[in-house]
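Have a look at the structure below before the remarks.
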Amino acid sequence: MGRPRLYNTAEEIAEANRIKSTKYYAKNRKRILRKRARAKEASNPQNTMHEVSTTPKPLQRTAEEEHQWQLKYWSKQVEGVPKRIMVILGDKTTEDFLTGVCEEFKTTRKADLVKAKDDINQHIVDLNKVYDKLTKYHGALLNLVGSWADEFKRASAIMSDIRIVVNELNELLCAAMVDPDELIVDFDSHALPFQAKGVSVSTF
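The sequence shown begins at 159 in the working numbering and counts up by one.
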C-alpha cells in the first residue's frame, strides 16, 4: 500500500479538499439534495402556514340548505332547455319551423332525396338529445320535490312539448319515406296535419 500523498502548500491542500468534496457530492448527490430540501422547508414555516391558512375550506351545508341548493340547480337546468330548443328551431315558432323543414325537403329532394330525408331525421336526433338530458333533470326533481311541485310540473310540460314537435317531424319523415311526391303535394295544398290543425306548445 502506497504512502499517502503529502501536500506542502495551502493551494495543494485546498485543491485536494475540493476534489474530495466533489467526489463525495457526486456519490451522495440525491441524499444531500433531499436533506437540503427538508432543512429549507423546516427553516421557513411561514410558507407552510400561509398555504394552510389560504386553502379554502369546503362549505358545510345543512340538510335543508343542500336540498334547496339541489332544487335550484336542477330547476336552472330545466329552464335552460327551452333556449336549446329554440336554437334547434332557429328561433321560429313551431309551425314556422315545420314549414321550413318542408320547404327545405322540397328543395333538397330535387338533387338528393336521401339527404333530404336525413335532414328531417337530424332535427329529430337533435331534439331527442335535449329530451334525454331533460329526462335526467325531470327524474332528479321527482326525487327532490315529488310530482306535485311546480318545478317538476314545469319539466313535465317542456317534455310534453318536445314530444309534440318530435311526433310532427316523425310524421313528415314517414311521409317522405313512403311517398315524397305526395308529401310535397300535401304541403303545397296545406293539407299536412300541422298546417290543418296547428301545433300547440306553450313552453318555447
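By construction, the Cβ of each residue, glycine as well, lies at the ideal position given by its N, Cα and C atoms.
Neighbourhood of residue i by C-beta distance below 8 Å, restricted to the same chain and skipping five residues each side
i: residue 363; result: Past the boundaries of the shown model lies residue 363; the chain is included only from 159 to 362, so the question cannot be answered.
i: residue 123; result: Missing from the structure shown is residue 123; the chain here goes from 159 to 362 and no further.
i: residue 225; result: 302
i: residue 354; result: 348
Cβ-Cβ distance between residue i and residue j below 8 Å
i: residue 285; j: residue 322; result: no
i: residue 352; j: residue 253; result: yes
i: residue 260; j: residue 345; result: yes
i: residue 258; j: residue 248; result: yes
i: residue 334; j: residue 287; result: no
i: residue 317; j: residue 350; result: no
i: residue 267; j: residue 338; result: yes
i: residue 236; j: residue 307; result: no
Boundaries (first-last residue) of the alpha helix (DSSP H) holding residue i
i: residue 314; result: 308 to 336
i: residue 264; result: 252 to 266
i: residue 276; result: 271 to 303
i: residue 229; result: 221 to 246
i: residue 354; result: 351 to 355
Nearest-angstrom Cβ-Cβ length linking residue i and residue j, presumed shorter than 8 Å
i: residue 278; j: residue 330; result: 6 Å
i: residue 326; j: residue 256; result: 6 Å
i: residue 315; j: residue 360; result: 7 Å
i: residue 264; j: residue 342; result: 5 Å
Cβ neighbours of residue i in the same chain (closer than 6 Å, five flanking residues each side left out)
i: residue 289; result: 320
i: residue 229; result: 302
i: residue 356; result: none
i: residue 240; result: 361, 362
Sequence-distant residues of its chain with Cβ nearer than 7 Å to residue i (five each side left out)
i: residue 218; result: none
i: residue 250; result: 258
i: residue 244; result: 362
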